[in-house]
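Sequential numbering of the sequence shown, starting at 308, is according to my numbering. Note that CB positions come from ideal geometry on N, CA and C, so glycine has one too. All values reported here derive from a predicted model rather than from experimental measurement.
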Amino acid sequence: MTFPDRFLWGTATAAHQVEGNNIASDYWVLENMPGTFFAEPSGDACDQYRLYRQDIAQLGELGLTSYRFSIEWARVEPEDGRFSRAAIAHYRDVLQTCHEFGITPMVTFHHFTSPRWLMKLGGWEYEGTPERFAAYVSAVMSELGPLVPYACTINEANIAPLIRSLMPKPDEAESSHAPVGIGEGMADALGPGLKAGADALGTTPDKMNLFMFTTSDTGVAVVKRAHTEARRVIKELSPSTQVGITLALSDFQPRPGAEEIADRMWAELLDDFLPAMDGDDFLGVQTYTRAVVTEDGIQPHPQGAELTQMGYEFYPEALEGVLRRAARAGLPMIVTENGVATADDSRRTEFIRRTVEGLERCLADGVDVRGYYYWSALDNYEWMLGYRPTFGLIAVDRDTQRREVKDSARYLGAIARGNGLR
Ligand code: BGC
Numbered sequence: 308m309t310f311p312d313r314f315l316w317g318t319a320t321a322a323h324q325v326e327g328n329n330i331a332s333d334y335w336v337l338e339n340m341p342g343t344f345f346a347e348p349s350g351d352a353c354d355q356y357r358l359y360r361q362d363i364a365q366l367g368e369l370g371l372t373s374y375r376f377s378i379e380w381a382r383v384e385p386e387d388g389r390f391s392r393a394a395i396a397h398y399r400d401v402l403q404t405c406h407e408f409g410i411t412p413m414v415t416f417h418h419f420t421s422p423r424w425l426m427k428l429g430g431w432e433y434e435g436t437p438e439r440f441a442a443y444v445s446a447v448m449s450e451l452g453p454l455v456p457y458a459c460t461i462n463e464a465n466i467a468p469l470i471r472s473l474m475p476k477p478d479e480a481e482s483s484h485a486p487v488g489i490g491e492g493m494a495d496a497l498g499p500g501l502k503a504g505a506d507a508l509g510t511t512p513d514k515m516n517l518f519m520f521t522t523s524d525t526g527v528a529v530v531k532r533a534h535t536e537a538r539r540v541i542k543e544l545s546p547s548t549q550v551g552i553t554l555a556l557s558d559f560q561p562r563p564g565a566e567e568i569a570d571r572m573w574a575e576l577l578d579d580f581l582p583a584m585d586g587d588d589f590l591g592v593q594t595y596t597r598a599v600v601t602e603d604g605i606q607p608h609p610q611g612a613e614l615t616q617m618g619y620e621f622y623p624e625a626l627e628g629v630l631r632r633a634a635r636a637g638l639p640m641i642v643t644e645n646g647v648a649t650a651d652d653s654r655r656t657e658f659i660r661r662t663v664e665g666l667e668r669c670l671a672d673g674v675d676v677r678g679y680y681y682w683s684a685l686d687n688y689e690w691m692l693g694y695r696p697t698f699g700l701i702a703v704d705r706d707t708q709r710r711e712v713k714d715s716a717r718y719l720g721a722i723a724r725g726n727g728l729r
């Protein structure tokens, strides 16, 4: 079976994880604090701010047709209200390079990191954040709009509810309003680097509303409004740009008796976002594994399961399960992330093969999927875990910044060239 014409075969990265020296961002501050809860700082990362041309050329050579990367708010607006023309010019070059190599660019406007100044204002609990975010998106789109065929406003807009659903709920009734910012339990777990980081960011741990940790209802509402505001300005400035949000979705597999619990998870992680997605062109689906749900909630992986470097189950069939379920959003879907962290590249190839088989079954049944982006193009900075997990199709020697293409990259490239498995 072949995939529809113009199916997007791509790979994805995020600015902070690959560019290096994202020094005006909140994460940079936190990573570099004594006692930090990050395994190591991001440092030069993959130096992609300098080496983007070589990386994009490589993706084209492999046969991939699209590249999803993020524009970094902290670079474009390093101080509140002060926009960097140089940073916007840089991203113009990146976009033009994609077009030059026949790669369709997909831009993400927010991928976890925010400018450090936003934390002083209250971060993702601050009611003015959606307008600030839209102002940044507008600064970019007014210059670069015609070069951006696809835009994801916010990466994993549901990450906070996802984290909340995994956190112990001492008092179910109160849990949706607390914790504001980083709750006490989490603050203890994150150690002294958190307090030092909050000081450096001009705030306090309880008010430091990093995107990922803002689990309150207010925070979730701010994120949703940031999405709708951003979509509005994108559509105003560049009506042909296809806009979507991306959501982290696991394949929730309820065991008998736990159907309602799994339904609740779907409601919180997907259905809740549907009103904000009204007017979007696509839904970005991001899936890495399944989650077996029993009456006691999400279970750690099944006994004896093969685990990835992330500690969760190697389960390529998860994507198929999620796509079938998420189709009820009624939007075309693009798999904006899916991948596996493993030191054994043959397992990555196997993961891709089984995933693409699942995609084929979905398409055969009429599920509307328009693209697939493997996470990630490069072995990169896996947030708090540092550089240990390797998701990449391409290895990076971070002393020399030399790239080495893995077999799995050639495998995905061949699928892209043939528009399907042969
Ligand atoms: C995120 C990426 C991350 C990947 C692998 C996704 O949730 O968007 O930034 O590296 O998962 O853990």
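For residue i: DSSP bridge partner residues
i           : result
residue 252 : Residue numbering for the chain in the displayed model covers 308 to 729; residue 252 lies beyond these limits and cannot be assessed.
residue 316 : 679
residue 589 : 551
residue 600 : 561, 605
residue 620 : 614
residue 412 : 374
residue 712 : 701
residue 534 : Answer is none; residue 534 lacks a bridge partner.
residue 644 : 593
residue 457 : 413, 549
residue 685 : 701
residue 386 : 389
Heavy atom of the ligand BGC within 7 angstroms of residue i beta-carbon
i           : result
residue 355 : no
residue 419 : yes
residue 321 : yes
residue 708 : no
residue 324 : yes
residue 698 : yes
residue 560 : no
residue 617 : yes
residue 682 : yes
residue 606 : no
residue 627 : no
residue 645 : no
residue 379 : no
residue 555 : yes
residue 462 : yes
residue 338 : no
residue 593 : yes
residue 689 : yes
Alpha-carbon to alpha-carbon, residue j and residue i
i           : j           : result
residue 685 : residue 720 : 14 angstroms
residue 513 : residue 503 : 13 angstroms
residue 703 : residue 687 : 8 angstroms
residue 545 : residue 452 : 5 angstroms
residue 634 : residue 591 : 11 angstroms
residue 697 : residue 618 : 13 angstroms
residue 326 : residue 354 : 5 angstroms
residue 509 : residue 653 : 47 angstroms
residue 450 : residue 597 : 41 angstroms
residue 693 : residue 511 : 25 angstroms
residue 613 : residue 438 : 45 angstroms
residue 477 : residue 344 : Caution applies to residue 477, whose pLDDT of 48 falls short of 50 and renders its modelled position unreliable; the value that the coordinates give is listed next. Residue 477 and residue 344: Cα-Cα distance of roughly 24 angstroms.
residue 584 : residue 706 : 43 angstroms
residue 332 : residue 495 : 23 angstroms
residue 603 : residue 378 : 40 angstroms
residue 322 : residue 681 : 16 angstroms
residue 714 : residue 701 : 9 angstroms
residue 460 : residue 582 : 15 angstroms
residue 731 : residue 395 : With the chain covering only 308 through 729, there is no way to say anything about residue 731.
residue 480 : residue 568 : For residue 480, the predicted model reports a pLDDT of 37, less than 50, meaning its position is unreliable; a value from the coordinates is still stated below. One C-alpha to the other measures close to 16 angstroms.
residue 644 : residue 716 : 15 angstroms
residue 309 : residue 446 : 40 angstroms
Assumed close pair residue i, residue j - CB separation to whole angstroms, cut-off 8 angstroms
i           : j           : result
residue 515 : residue 430 : 6 angstroms
residue 723 : residue 420 : Going by Cβ atoms, the distance from residue 723 to residue 420 rounds to 29 angstroms, so no, they are not a contact pair.
residue 595 : residue 646 : 7 angstroms
residue 318 : residue 366 : 6 angstroms
residue 663 : residue 728 : 5 angstroms
residue 564 : residue 623 : About 27 angstroms; that fails the 8 angstroms criterion.
Best match in the options for proximity to residue i [C-alpha to C-alpha]
i           : options            : result
residue 573 : 547, 632, 356      : 632
residue 412 : 401, 418, 335      : 401
residue 648 : 695, 669, 403, 673 : 695
residue 425 : 651, 380, 668, 629 : 380
residue 561 : 547, 549, 575, 605 : 605
residue 269 : 362, 541, 672, 405 : Residue 269 lies beyond the stretch modelled for the chain, which goes from 308 to 729, so this question has no answer here.
residue 433 : 690, 314, 523      : 523
residue 382 : 369, 376, 397, 368 : 397
residue 497 : 710, 691, 385, 529 : 691
residue 364 : 710, 607, 726      : 710
residue 543 : 427, 442, 629, 468 : 442
residue 570 : 535, 472, 586      : 472
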